[in-house]
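*Asks:*
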Amino acid sequence: MDERQNDSACQLSNDPKTSAATPRNLPDEERRRLLTAIGGVGVTVIAGCLDQGESDVTAYNVVFLDQDGRTEVEISEDEKLLYPALDAGVDIPYACEVGRCGQCTGKYDGNANEVVTHDGNEFLDEDQIEAGWLLTCVAYPRDNFELEVAHPDDE
Ligand code: FES
947 MDERQNDSAC QLSNDPKTSA ATPRNLPDEE RRRLLTAIGG VGVTVIAGCL
997 DQGESDVTAY NVVFLDQDGR TEVEISEDEK LLYPALDAGV DIPYACEVGR
1047 CGQCTGKYDG NANEVVTHDG NEFLDEDQIE AGWLLTCVAY PRDNFELEVA
1097 HPDDE
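Printed below as a string of structure tokens:
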């Protein structure tokens, strides 16, 4: 379903002239029968409608420092650091992409717990994180900050 189809489906369900036909206004048993009949298509339409409007997701500015200089990247709180950085041309080595190998490590000047949340880190210990190390493949931003792209072995 493209964007226009999604828009018209959402407008249709909000149209008072057609609202009597929407599952919301039917008895529970009839709603259940209709929702079962439309199956995945209905779920897609409903999900698309929920995505419209203002987003509550916060974005942060993360400055990556690599051998080519500074690159500022806006990253949402629900995005891992690695992929938007790669898309912006930052040179970050990576391999496993699940927090195990340590290839994607970056260094923050402070306690990394103050600027990111890790989800899936299996490489860094707490002392390394408190010393500023983080894994870009499993780290979500929680503040604006600068990050050197390097590996703990380079220290
Ligand atoms: S790519 Fe392996 S830990 Fe991030």
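Per the numbering used here, the sequence shown starts with residue 947, numbered consecutively.
Just so you know, even glycine gets a beta-carbon here, dropped at the ideal spot from N, CA and C.
#1: Just how far apart, CA to CA, sit Val1084 and Glu1068?
#2: Along the chain, which unbroken stretches of the beta strand (DSSP E) at least 3 residues long are found entirely within the region 1045-1070?
#3: Val1009 and Glu1023: beta carbons closer than 7 Å?
#4: Taking its Cβ as the centre, do 16 or more other Cβ atoms sit within 10 Å of Glu1060, making it buried, or is it exposed?
#5: State yes or no: is the C-beta of Gly1045 within less than 7 Å of the C-beta of Ala1058?
#6: Sorry if obvious, but does the Cβ on Glu1025 come closer than 6 Å to a heavy atom of the ligand FES?
#7: Should Val987 go down as buried or exposed, given a rule of 16 or more other Cβ atoms within 10 Å for buried?
#8: Here's a check: name, in chain order, each residue in its chain whose Cβ is nearer than 7 Å to the Cβ of Leu1032, leaving out the five neighbours to either side.
#9: For Leu1093 versus Gly1066, is the C-beta distance shorter than 7 Å?
#10: DSSP beta-bridge partners for Leu1093?
#11: Could you give the first and the last residue of the continuous beta strand (DSSP E) run that contains Ala1031?
#12: Less than 6 Å between the CB of Gly1066 and some heavy atom of the ligand FES, yes or no?
*Replies:* Working from what's here:
#1: Residue numbering aside, residue 1084 sits at position 138 when the sequence shown is read from its first letter. Residue numbering aside, residue 1068 sits at position 122 when the sequence shown is read from its first letter. Looking at the two C-alpha atoms, the distance is approximately 10 Å.
#2: If we require 3 residues or more, the beta strand (DSSP E) runs fully inside the region 1045-1070 come out as 1051-1053, 1062-1064.
#3: On the sequence shown, residue 1009 is found 63 positions in, with the first residue counted as 1. On the sequence shown, residue 1023 is found 77 positions in, with the first residue counted as 1. With a cutoff of 7 Å on beta-carbon distance, Val1009 and Glu1023 are scored as not near each other.
#4: Translated into positions along the sequence shown, residue 1060 becomes position 114. Per the 10 Å Cβ criterion, exposed.
#5: Taking the first residue of the sequence shown as 1, we reach residue 1045 at position 99. Taking the first residue of the sequence shown as 1, we reach residue 1058 at position 112. Taking 7 Å as the Cβ cut-off, Gly1045 and Ala1058 do not qualify as a contacting pair.
#6: Taking the sequence shown and counting its residues from 1, the one referred to as residue 1025 is at position 79. Checking every heavy atom of the ligand FES against the Cβ of Glu1025, none is found closer than 6 Å.
#7: Position 41 of the sequence shown, counted from the start, is the residue given in the question as residue 987. At Val987, the pLDDT of 43 sits below 50, so the modelled position is not reliable; the number obtained from the coordinates is stated separately. Classification for Val987: exposed.
#8: Mapped onto the sequence shown, residue 1032 falls at position 86. Excluding residues within five positions, the ones whose Cβ falls inside 7 Å are Ile1038.
#9: Here residue 1093 is taken as the residue at index 147 of the sequence shown, counted from 1. Here residue 1066 is taken as the residue at index 120 of the sequence shown, counted from 1. With a cutoff of 7 Å on beta-carbon distance, Leu1093 and Gly1066 are scored as not near each other.
#10: As a position in the sequence shown, residue 1093 is number 147, starting the count at 1. When beta bridges are read from the DSSP output, Leu1093 appears opposite Phe1010.
#11: Taking the first residue of the sequence shown as 1, we reach residue 1031 at position 85. Ala1031 -> not in any beta strand (DSSP E); alpha helix (DSSP H) instead, spanning 1028-1033.
#12: As a first step, residue 1066 is located in the sequence shown; it is residue number 120 there, counting from the start. Checking every heavy atom of the ligand FES against the Cβ of Gly1066, none is found closer than 6 Å.
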